[in-house]
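Only one structure is covered here, and it is reproduced in the block below.
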């Protein structure tokens, strides 16, 4: 595993380049095989990912077994009021439950509650401001940069919300195709499991750029292809 190394007054610190929102062929709107995800990560220097497929952790669990870098088992779960990602999961959580039920099930597994693209209502199921306010005490992480969000003010609003409530901010490419992986990432210290994760994330720096809106056609094509398979 290739890691960036920086010198500090405490000594040498190894840094991860982590993309915390990646989809694979186990999502209904992605055709990316696990092996291609790994290959693209190695090409771009991404050495930690959260596989957050829609409605399943199956691909993430398999990725943990074959990847040479840390893989967080996650799932993007659709609720009636928007998407919630559970991180460090052990079991799939069904879509369609209320946000409160999803959060309860994430907690029951010892997982973390991650809110993706909270203000992007153009292409996604976003929780939005009022819902975030209602759930704020139960949120562990806010995605403050999503490379698929088409307008910078979506990220600006997410960043302001996270800062207001002292919630760690994260970033993800939201990749549904191999070329998107690494469009957004967090450069952060290594962590040892869930308990150390939030502290490491709080020390991280976010990098990345917005993807072309055309990437959404890749997701649409994947949906159509799977519907007729």
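Residue numbers (our numbering): 275 to 503.
Note that beta-carbon positions come from the ideal geometry of N, C-alpha and C, so glycine has one too.
Since the model is a prediction, treat every value here as computed from it, not as a measurement.
Option in the options with minimal Cα separation from residue i
| i | options | result |
| --- | --- | --- |
| residue 364 | 341, 374 and 333 | 333 |
| residue 232 | 384, 426, 337 and 331 | Residue 232 is absent from the structure shown; the chain starts at 275 and stops at 503. |
| residue 529 | 442, 474, 369 and 293 | Shown here, the chain extends from 275 to 503; a query on residue 529 therefore has no answer. |
| residue 349 | 371, 460, 445 and 367 | 367 |
| residue 374 | 383, 353, 392 and 391 | 353 |
| residue 421 | 302, 320 and 486 | 486 |
| residue 475 | 416, 425 and 426 | 416 |
| residue 413 | 404, 442, 362 and 325 | 442 |
Alpha carbon of residue i to alpha carbon of residue j, nearest angstrom
| i | j | result |
| --- | --- | --- |
| residue 406 | residue 469 | 23 Å |
| residue 311 | residue 455 | 8 Å |
| residue 418 | residue 502 | 36 Å |
| residue 408 | residue 369 | 20 Å |
| residue 439 | residue 306 | 36 Å |
| residue 437 | residue 320 | 26 Å |
| residue 382 | residue 463 | 27 Å |
Beta-carbon contacts of residue i that lie in its chain and below 6 Å, excluding the five residues immediately before and after
| i | result |
| --- | --- |
| residue 330 | 300 and 366 |
| residue 351 | 358, 367, 369 and 376 |
| residue 344 | 322 |
7 Å Cβ shell around residue i - same chain, five flanking residues per side excluded
| i | result |
| --- | --- |
| residue 431 | 393 |
Proximal residues to residue i (C-beta, below 8 Å), its chain only, five neighbours per side dropped
| i | result |
| --- | --- |
| residue 483 | 421, 457 and 458 |
| residue 479 | 460, 461 and 462 |
Exercise. Given 8 Å as the limit, is there contact between the segment 355-363 and the segment 374-394, that is, 3 or more CB pairs closer than that?
Worked result: yes
Exercise. Which runs of the beta strand (DSSP E) spanning at least 3 residues fall entirely within the segment 305-337, listed in chain order?
Worked result: 322-328
Exercise. Is there contact here, the segment 293-311 with the segment 445-465, by at least three beta-carbon pairs under 8 Å?
Worked result: yes
For this session: With a floor of 4 residues, list each alpha helix (DSSP H) that falls wholly inside the segment 407-482, ordered by position along the chain.
Result: 426-439 and 468-476
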